[in-house]
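Trainee: In the numbering used here, the protein residues as written are 33 to 805.
The beta-carbon is built from N, C-alpha and C at its ideal position, and this holds for glycine as well.
1) Mind reading off the beta-carbon distance from residue 619 to residue 587? Whole number of angstroms is fine, and I expect it under 8 angstroms.
2) List the residues that DSSP assigns as beta-bridge partners of residue 168.
3) Could you check if residue 81 is buried or exposed, using at least 16 other CB atoms within 10 Å of its CB as the buried criterion?
4) Contact between the segment 542-558 and the segment 665-678: three or more CB pairs below 8 angstroms?
5) Look up residue 591 in the DSSP assignment and say whether it is helix, strand or coil.
6) How far does the beta strand (DSSP E) with residue 610 in it reach, from first residue to last?
7) Just list the alpha helix (DSSP H) runs in the segment 631-656, keeping only unbroken ones of 4 residues or longer that don't cross its boundaries, in chain order.
8) The beta strand (DSSP E) with residue 430 in it runs from where to where?
9) Thinking residue 72 and residue 426 are a contact (beta carbons under 8 angstroms), I'd like their distance in whole angstroms, please.
10) Could you check which residue in 66, 699, 36, 142 has the C-alpha nearest to that of residue 346?
11) Let me confirm a value: residue 94 is counted as buried when at least 16 other C-beta atoms fall within 10 Å, else exposed. Which label applies?
12) How big is the Cα-Cα spacing for residue 350 and residue 506?
13) Output needed for residue 813: all residues of its chain with C-beta closer than 8 angstroms, excluding positions within five of it in sequence on either side, in chain order.
14) Whole-angstrom Cβ separation of residue 337 and residue 144, contact assumed at under 8 angstroms?
15) Would you list, in sequence order, the uninterrupted alpha helix (DSSP H) runs of no fewer than 4 residues that lie entirely inside the segment 376-446?
16) Taking the Cβ atom as the reference point for each residue, do residue 210 and residue 219 lie within a distance shorter than 7 angstroms?
17) Would you please state the rounded distance, in angstroms, between the beta carbons of residue 469 and residue 713? I believe it to be under 8 angstroms.
18) Taking all protein chains shown into account, decide if residue 137 is buried (16 or more other Cβ within 10 angstroms of its Cβ) or exposed.
19) Which residues does DSSP list as the beta-bridge partners of residue 495?
20) Given a threshold of 16 other Cβ atoms within 10 Å of its Cβ, counted over all protein chains shown, does residue 624 qualify as buried or as exposed?
21) With 16 as the cutoff for other CB atoms within 10 Å, does residue 387 come out buried or exposed?
22) Only counting the same chain, and skipping five residues up and downstream in sequence, which positions put a Cβ closer than 6 angstroms to that of residue 156?
23) With respect to the alpha helix (DSSP H) encompassing residue 680, which residues constitute its N-terminal and C-terminal limits?
24) Can you tell me whether residue 402 is buried or exposed? The criterion is at least 16 other CB atoms within 10 Å of its CB, across all chains shown.
25) Please report the distance separating the alpha-carbon of residue 229 from that of residue 185.
26) Examine the Cβ distances between the segment 324-332 and the segment 284-300 and report whether three or more of them are shorter than 8 angstroms.
27) What do you get for residue 478, buried or exposed, if any count of 16 or more other CB atoms within 10 angstroms of its CB means buried?
28) Run through DSSP, which three-state label would residue 535 get?
29) In chain order, what residues of the same chain have a beta carbon less than 6 angstroms from the beta carbon of residue 715, not counting five sequence neighbours either side?
30) Please name the residue, chosen from 437, 192, 409, 133, that lies closest to residue 460 on a Cα-to-Cα basis.
31) Between residue 770 and residue 730, what straight-line distance do the alpha-carbon atoms span, to the nearest angstrom?
32) Count the CB pairs spanning the segment 487-506 and the segment 525-532 that are closer than 8 angstroms, and state whether there are at least three.
33) Just to confirm the assignment, what range does the alpha helix (DSSP H) spanning residue 553 have?
34) Tell me the start and end of each unbroken beta strand (DSSP E) in the segment 233-281 that is at least 3 residues and wholly inside, in chain order.
35) Taking just the CA atoms, how far does residue 255 sit from residue 212?
36) Counting pairs of beta carbons, one from the segment 539-549 and one from the segment 772-790, are three or more of them closer than 8 angstroms?
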């Protein structure tokens, strides 16, 4: 057995069909295949999960009980694993205290710089931390903003306490909190609040120090009196964000308004930290600069004391800039980053590590990247490999596939039709292979020759939002328009804030989650489940409610979820199948009822494509279900099961599910944000067919996209740039794809021209624009 390979024998996780393969170590291996072919099941659910599980097993029982529990994947053996670092597209958490600077540790280096070279001397590095009491602003406690109770939304001054003057739902008439005021004896409960004296008003809002005897459940309890502002501040504003339920956060936001901190001006730090400078800049001024500007400012520092820290800072910033995030500032909150940005920020953290022989696992790192920035991404992936690490990448982008030392192609199709290794070897070998991936690698990029004539124009005038530079842009009606440009160039701002601001009735389909509920699934979101339940009820002469996993038919142990969730506070939660129903969600009395031989659980386990074959009867109810299933299949999601929880879908899958729900409209404006995210090359063609059909029905389709195939298929292209952040915000080009290829300023045009070339497919090893005879 060679220790130069990861040896996998008999992998059967999810749809994997007894997969066995050898993956070379200390090389870049790219896993390709259509969505649902088994890539993630193999890479994340088998290899990475087993590596993390075995690492956790090295700790004591005491420590393991405080770590996430990873179940053993369904595989016979995995040999020669290294410790794994998974860099995925999950949004970065951490609340308002987490920024790009803190998550990458670049801000920690900046604090160290100010503690050593700042004047006047303030203290050690924690004196410049807005998350440390020694450095944070005492007024806003390091948040930069303060929340205050909005009395206008909290109180109805035209009413009395007895008639419901307190509008907050937890202070309703008769509630515990309401009794504290109504039974205090301090107020006339029938007097309108607008008639209160100044003393009564102050007591209502800010009073304290009084005990109020309250009758509750047959007894008396002495409760401390707190004015409304005091109580609300303690209950909702002083409580840690992580400790609050989603419902309480929503209530807090409804009855408060947020303002910039009056003491620190939003800088988060105390006055001592804000008074310290290095080379004429305060730390908050540097943190507010874009990474490219910050690098220039730091490079100008010539203090010998600061030299070692500055050198490390410049190296970290170079990584951030190289990966295409030079437009981000260190004070940017991580919660505002997209999934692709979040993954690239995580990557920057690991590039500074001196660990070797690690296993790095990436989930489509090219998501959200312009073709220019994909080349930079490839540089960083090679850098990780060259340090002696094994790099596994799940990817669809041909430019990332090209740098692979080894490729594993899964398929041949999705779901039950996938789960097999259909090719493994070199990239030139894949390009010659008879697989879906191989065939599409061989296809030349096409650019539309005959474009459609617009039926009108939608004009955005004098747009100055964010980095847009007073733009006036025309969007054609009745055609396919693609808005492109490098990351941070202003594409989303122009479309979401500019176009949609003026045309709010447009059908907007973005990558935000379609639901936050664990109970929502493909069938409930699309409305199919109601029809399916009625079909089961009619066939078995029982109530439709019996077939709802949210009511009496649900498994009592898991409450109809099919899984049990364990919350590990600040660690990643753990999901395990329900041992009672074995993940089937329903009780045994429900599962006895069938429709054409299948139980409700069996039907929810069908993929959309399988369900189209199952619902064949010519009743109107089944015909409506088939229409929905056809739309799901058309957008490339035929592999999703009807019962798949929406919380497990990627951003791209969420977007395509929304599109399936909105497909059959006429004379509408459709706006889509990077719809090819997570799509295999073969599915991009299907997506373009949908766009064509939408336009043929009189719709206007506007797409924000980096994919060169989509750009080449457009009738009209709007290209922004030339860079990101302050270097962007300009329109570089407006016109047809053919004209774009001759635009001198446009990086998009250059890559479209180079990739299109003479119409031949690009071969492995060719840089864009270089082809072998």
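Mentor: Based on what the coordinates show:
1) Contact holds; Cβ gap of about 6 angstroms.
2) DSSP lists 301 as partners of residue 168.
3) Its Cβ being crowded by 16 or more others within 10 Å, residue 81 is buried.
4) yes
5) coil
6) Where residue 610 is concerned, there is no enclosing beta strand (DSSP E), given that its DSSP letter is neither H nor E.
7) 632-636, 640-646
8) Residue 430 -> not in any beta strand (DSSP E); alpha helix (DSSP H) instead, spanning 430-433.
9) 6 angstroms
10) 142
11) When all chains shown are included, residue 94 counts as exposed.
12) 37 angstroms
13) Not covered by the structure: residue 813. The range shown for the chain is 33 to 805.
14) About 11 angstroms; that fails the 8 angstroms criterion.
15) 403-418, 430-433
16) no
17) Contact holds; Cβ gap of about 7 angstroms.
18) exposed
19) 503
20) exposed
21) exposed
22) 147
23) No alpha helix (DSSP H) contains residue 680, which DSSP labels as neither H nor E.
24) buried
25) 21 angstroms
26) no
27) exposed
28) coil
29) 668
30) 437
31) 24 angstroms
32) yes
33) Taken as a continuous stretch (DSSP letters only), residue 553 belongs to no alpha helix (DSSP H), as it is neither H nor E.
34) As for any beta strand (DSSP E) of minimum length 3 sitting wholly inside the segment 233-281, the runs are 240-248, 251-258, ordered along the chain.
35) 7 angstroms
36) Under the three-pair Cβ rule at 8 angstroms, the segment 539-549 does not count as touching the segment 772-790.
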